[in-house]
Amino acid sequence: MGKITNGVKGRIFTKEGKIRKSFVAFLVIVLLFSVYCIIENNILTVREFEIVSEKLPEDFSGYRIAQVSDLHNKEFGKNNKRLLEKLEDLSPDIILITGDIVDSMKTDMEAALEFCKKAVVIAPTYYVNGNHESAIEDYLEFEGALRGLGVTVLRNQCVELSKGSETVNLIGIDDPTFTYVNGKRLETLVSDKGYNILMSHRPELFEMYVNAGVDLVFCGHAHGGQFRIPFIGGIVAPNQGFFPKYDSGLYNDGNTNMVVSRGLGNSIIPIRLNNEPEIIIVEIKNK
Numbered sequence: 609m610g611k612i613t614n615g616v617k618g619r620i621f622t623k624e625g626k627i628r629k630s631f632v633a634f635l636v637i638v639l640l641f642s643v644y645c646i647i648e649n650n651i652l653t654v655r656e657f658e659i660v661s662e663k664l665p666e667d668f669s670g671y672r673i674a675q676v677s678d679l680h681n682k683e684f685g686k687n688n689k690r691l692l693e694k695l696e697d698l699s700p701d702i703i704l705i706t707g708d709i710v711d712s713m714k715t716d717m718e719a720a721l722e723f724c725k726k727a728v729v730i731a732p733t734y735y736v737n738g739n740h741e742s743a744i745e746d747y748l749e750f751e752g753a754l755r756g757l758g759v760t761v762l763r764n765q766c767v768e769l770s771k772g773s774e775t776v777n778l779i780g781i782d783d784p785t786f787t788y789v790n791g792k793r794l795e796t797l798v799s800d801k802g803y804n805i806l807m808s809h810r811p812e813l814f815e816m817y818v819n820a821g822v823d824l825v826f827c828g829h830a831h832g833g834q835f836r837i838p839f840i841g842g843i844v845a846p847n848q849g850f851f852p853k854y855d856s857g858l859y860n861d862g863n864t865n866m867v868v869s870r871g872l873g874n875s876i877i878p879i880r881l882n883n884e885p886e887i888i889i890v891e892i893k894n895k
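Heads up: the sequence shown at position 97 corresponds to 705 in the working numbering, and the numbers run straight through without jumps.
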């Protein structure tokens, strides 16, 4: 009888031991996954593109454009020190901010303004709004503060960028949550003869940009599809749904190139997977 009892106890202890080991293994996996997510969501990557065009004036060949998108009040170091240092190291000719620099659910306008205050020292800085800016009550006050810092705010407007004796056109349009810009209205901002660069928060409107004759577009909004599957792409993006068509990288149709930034911060979904925050650098060259 004693031997039988010991055998039963042994089996019980073995079963409890397996459960304990499985639980510990689960905790280790959760811990490692959490550490991985924290590291990945705070890494700053730089992705570079080269765009070649016969339309580009010769003086602009080698012109470097930095894009910052969807910061959502995230900070990389105190007062975004790491982000600003990275931008300075990249030596851009201009910096484009393509919307959602603040987050409507955890709005910190002072943090966003502090970043912009230092960005304009690095290079001339241009801004268009995103859908999150439309949801904050004091947006017009925020926009005025940006202008006061020297940021050029483009609201369905076009300005000329100069280099040497030549110019290109920089257009900025509102997010549709402010004032929807249809194709005909955009066409009035596009020059028939010059090289046209467009800042817009929304990549899903690519067909409209193509039809308007834009040469180069900078967009954000898609957050890289939030969770990315290797060789497949992003899983979900705002206003595009599951497996979005325009989630990250360079897209081309005819003479129109569109660069979609994965962005820097998060909003509704607090983490991103296989989808590091990024600064975009585009160097445009004359063919």
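Glycine included, each C-beta is placed from N, C-alpha and C at the ideal position.
Keep in mind that this is a model prediction, so the values were computed, not measured.
Requested in this report: May I have a chain-ordered list of the beta strand (DSSP E) segments no shorter than 3 residues that lie completely inside the stretch 699 to 787?
Outcome: Counting whole runs of 3 or more residues, the stretch 699 to 787 contains the beta strand (DSSP E) stretches 702 to 706, 733 to 736, 765 to 771, 774 to 780.
Query raised in the report: If you pair each beta-carbon of the stretch 791 to 801 with each one of the stretch 752 to 760, do three or more pairs fall below 8 Å?
Result: As far as the Cβ criterion goes, the stretch 791 to 801 does not touch the stretch 752 to 760, which means the pair count is below three.
Query - the stretch 716 to 732 touching the stretch 868 to 883, judged by at least three CB pairs closer than 8 Å - result: Taking 8 Å as the limit for Cβ pairs, the verdict is that the stretch 868 to 883 does not touch the stretch 716 to 732.
Report task. Return the CA-CA distance between His740 and Leu691, expressed in angstroms with no decimal places. Result -> Their Cα atoms are separated by approximately 21 Å.
Report task. Could you tell me whether the stretch 806 to 825 touches the stretch 833 to 844, using the rule of 3 or more Cβ pairs below 8 Å? Result -> With the cut-off at 8 Å, the stretch 806 to 825 and the stretch 833 to 844 do not touch.
Requested in this report: Express the C-alpha separation of Leu635 and Gly610 in angstroms, rounding to a whole number.
Outcome: Because the pLDDT of Gly610 is 49, which lies under 50, any placement of that residue in the model is unreliable, and the number read from its coordinates should be weighed accordingly. One Cα belongs to Gly610, the other to Leu635, and the distance between them is close to 37 Å.
Query - the stretch 652 to 661 in contact with the stretch 679 to 695 per 3-pair CB rule at 8 Å - result: Yes, the stretch 652 to 661 is in contact with the stretch 679 to 695.
Query raised in the report: With a CB to CB cut of under 8 Å and the five nearest residues on each side skipped, what residues in its chain are close to Asp667?
Result: Excluding sequence neighbours, Asp667 sits near Lys771, Gly772, Ser773, Glu774.
Requested in this report: Just mark Ile877 as buried or exposed, buried being the case when its beta carbon has 16 or more other beta carbons within 10 Å.
Outcome: It counts as exposed.
Query raised in the report: With which residues is Leu794 paired in a DSSP beta bridge?
Result: Leu794 is not bridged to any residue.
Query raised in the report: Among all the DSSP beta bridges, which residues are the ones paired with Phe826?
Result: Looking at the DSSP assignment, Phe826 forms a beta bridge with Met807, Val867.
Query raised in the report: Just checking my contact of Lys853 with Leu664 at CB under 8 Å: how many whole Å lie between their CB atoms?
Result: Taking 8 Å as the upper bound for CB-CB distance, Lys853 and Leu664 are not in contact here, some 27 Å apart.
Query - Delimiting residues of the beta strand (DSSP E) encompassing Phe657 - result: First-last of the beta strand (DSSP E) with Phe657: 653 to 661.
Query - According to DSSP, residues forming a beta bridge with Arg836 - result: When beta bridges are read from the DSSP output, Arg836 appears opposite Gly842.
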